[in-house]
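In the numbering used here, the protein residues as written are 735 to 1133. For every residue, glycine included, the Cβ atom is placed at its ideal position computed from N, Cα and C. Note that the coordinates shown come from a computational prediction; the quantities given were computed from them, not determined experimentally.
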C-alpha cells in the first residue's frame, strides 16, 4: 500500500540530517576532551528535588488507568499557575493536560481545523524557521502550509499581517512560538494585539506555543491568551505550555493546552478516542511542579548567566542578536551546513544548521545563513564552547 503523499514528501527530520552531514568526519578533539553537543534543546539543569518523592508516593497508581483530560488536582494547579503568571481565570473546562506540547500542537489541528473555509482548501500559517510539528499538523489535515519568513528585519517573528487578504480569508490556524525557537525573539503585547485583531477580522485561530515562556532575559514575556482575554477575544487563542523547559523535565512528557471551553472540549473529545494521557504518577509530579516557582527561578538564573556569557563572547560579531528568551543562539554564518562541519572537524562541537529548521520557499531558505546553538550546558562549559566556536567561525580563516 502506498504511503500518503502528504507525509512521504516531508523532508527528513533535523537530527538524522545532521548525523548524515557529519558522518565520516572525525571530531577535532584532544585525547582528554569529549564532544560538545549543542544541538538538541534538552535542558540539563537539575530537576526539582521533589520529583522522586512525589513519584514514589504515587507509584501504585501505575496500576490504574489515568484521567484523560487531567486529574482535578493537576487542572487546579495549572489554573492557579495561569492566574499567578498571567492573571487568567481559567476553570478546569478550559484546560487540558497533554502528553507534551508536541502532542497538543498536532492534535489541536486535527480537532479544530475545518476541512474547508469559504468553500476552499484551508491554509495554516507557519513561521519559517519553525518547530517541525507545525508543518506535519498542516499535512495531516490536508491544509496548505504557508511558510512565512521570520527574519531579523521582521524582528525574527513572522509578519502575518502583511499577507494578502484573500489568503488570510482561507487561514484557519496561525502558529506562533514566543519566545521563538530558534531565534529567541519575544512577541510584544503590541505584536500580539495586531495578530489578535487579524484573527478576529479573518476568523482564524492562534495556536500559541509558549513552552519557553519561563526562560527570559529581562522580563516575563506576555502570553497570547492573557492579551486575548483583555481584548475580549479569548476564543481566538489556544495556548500551549509544558514542564520540559520550565522545570527541566523533558522526559516527563507533561504539558497543557488552555483556551475556550468549546475548543478544549473538542480537543478532549478527539483525545478520548485517540489520545495518550499521562500516567497518574506523572500527573502528580506535574501538579507539584506547576505549584512550585523556586526551582524555575533558580534555573532561569542559570540561563541568564549564559546569556551574559554569550553577549561577552559574541557580542561584537556582526549580526549577533542577543536572545530575549528561550535557550538558543541563532548565529549568522555564511552557510549553516559548512559551519556545522567545520566546527565538528576542528573543535568537536555539534551545532544544528539553520536550514534544517526551515523550508525553502521560492528558492530561499531563511535558515541557510544561520546555526542554532543550544545553551543547555553548564555556564563553564558554555564559556569554553562559545569561545572555541568564535575562534573557529569568526576569528580564523577556515575552509
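Item, Value
"Between residue 804 and residue 1028, what straight-line distance do the alpha-carbon atoms span, to the nearest angstrom?", "24 Å"
"Around the Cβ of residue 1095, are there at least 16 other Cβ atoms within 10 angstroms (buried) or fewer (exposed)?", "exposed"
"Let's see if you can read the secondary structure: which residues bound the alpha helix (DSSP H) around residue 1021?", "1014-1024"
"Can you tell me which of 1076, 1122, 1014 and 1020 puts its alpha carbon nearest to the alpha carbon of residue 794?", "1014"
"Can you list the alpha helix (DSSP H) stretches of 4 or more residues lying completely in the region 1057-1087, in chain order?", "1070-1081"
"Taking only the alpha-carbon atoms, compute the straight-line gap between residue 1008 and residue 837 and give it to the nearest angstrom.", "11 Å"
"What are the complete alpha helix (DSSP H) segments, minimum 4 residues, inside the region 876-946?", "899-902 and 923-936"
"What are the boundary residues of the beta strand (DSSP E) that includes residue 975?", "971-976"
"Hey, could you find the ends of the beta strand (DSSP E) residue 990 is sitting in?", "989-992"
"Could you tell me which residues DSSP puts in a beta bridge with residue 862?", "883"
"How would you call residue 901, buried or exposed, if buried means at least 16 neighbouring beta carbons within 10 angstroms?", "exposed"
"So, does the CB of residue 1006 fall closer than 8 Å to a CB anywhere in chain D?", "Judged by its chain identifiers, the structure shown contains no chain D, having just a single protein chain."
"For residue 888 and residue 798, I'd like the C-alpha separation in whole angstroms.", "50 Å"
"Report the option in 975, 1031, 1020 and 844 whose CA atom is closest to the CA atom of residue 787.", "1020"
"Taking C-beta to C-beta, are residue 1081 and residue 1122 nearer than 8 Å?", "yes"
"Would you check if the distance between the CB atom of residue 1107 and the CB atom of residue 1062 is smaller than 8 Å?", "yes"
"Rounding to the nearest angstrom, what Cα-Cα distance links residue 829 and residue 770 in this structure?", "39 Å"
"Nearest to residue 1004 by alpha carbon, out of 802, 774 and 971?", "802"
"Which term fits residue 944, buried or exposed, when burial requires 16 or more other beta carbons within 10 angstroms of its beta carbon?", "buried"
"Rounded to whole angstroms, what's the CA-CA distance from residue 857 to residue 831? Just pull it up for me.", "27 Å"
"Based on the DSSP secondary-structure assignment, which residues constitute the bridge partners of residue 1104?", "1066"
"Would you call the region 899-914 and the region 935-952 touching, i.e. three or more CB-CB distances under 8 Å?", "yes"
"Would you kindly work out how many angstroms separate the C-alpha atoms of residue 995 and residue 938, rounded to a whole number?", "17 Å"
"For a test of the three-state rule: what should DSSP assign to residue 1185, helix, strand or coil?", "The shown model of the chain, from 735 to 1133, leaves out residue 1185, and the question about it has no answer."
"Give the C-beta separation of residue 777 and residue 1110 to the nearest angstrom, bearing in mind that I take them to be a contact with Cβ-Cβ under 8 Å.", "6 Å"
"Let's see if you can read the secondary structure: which residues bound the beta strand (DSSP E) around residue 832?", "829-832"
"Have a look at residue 749 and residue 894 and give me their C-alpha separation to the nearest angstrom.", "29 Å"
"In terms of residues, what are the limits of the alpha helix (DSSP H) holding residue 1110?", "Note, residue 1110: premise wrong, no alpha helix (DSSP H); not H, not E."
"Evaluate contact between the region 921-940 and the region 966-983, counting only Cβ atoms and requiring at least three cross-stretch pairs below 8 Å.", "yes"
"Taking Cβ positions, are residue 1060 and residue 946 nearer each other than 8 Å?", "yes"
"Given that a residue counts as buried once 16 or more other Cβ atoms are within 10 Å of its Cβ, and exposed if not, what is residue 1043?", "buried"
"In the DSSP output, what is residue 851 paired with across the bridge?", "854"
"Are the region 833-852 and the region 972-990 touching, with three or more C-beta to C-beta distances below 8 Å?", "yes"
"For the alpha helix (DSSP H) that contains residue 1050, what are its first and last residues?", "Neither: residue 1050 is in no alpha helix (DSSP H) and is coded neither H nor E."
"Would you mind sorting residue 1142 into buried or exposed? The rule is 16 or more other CB atoms within 10 Å of its CB.", "This structure cannot settle anything about residue 1142, because the visible part of the chain is limited to 735 through 1133."
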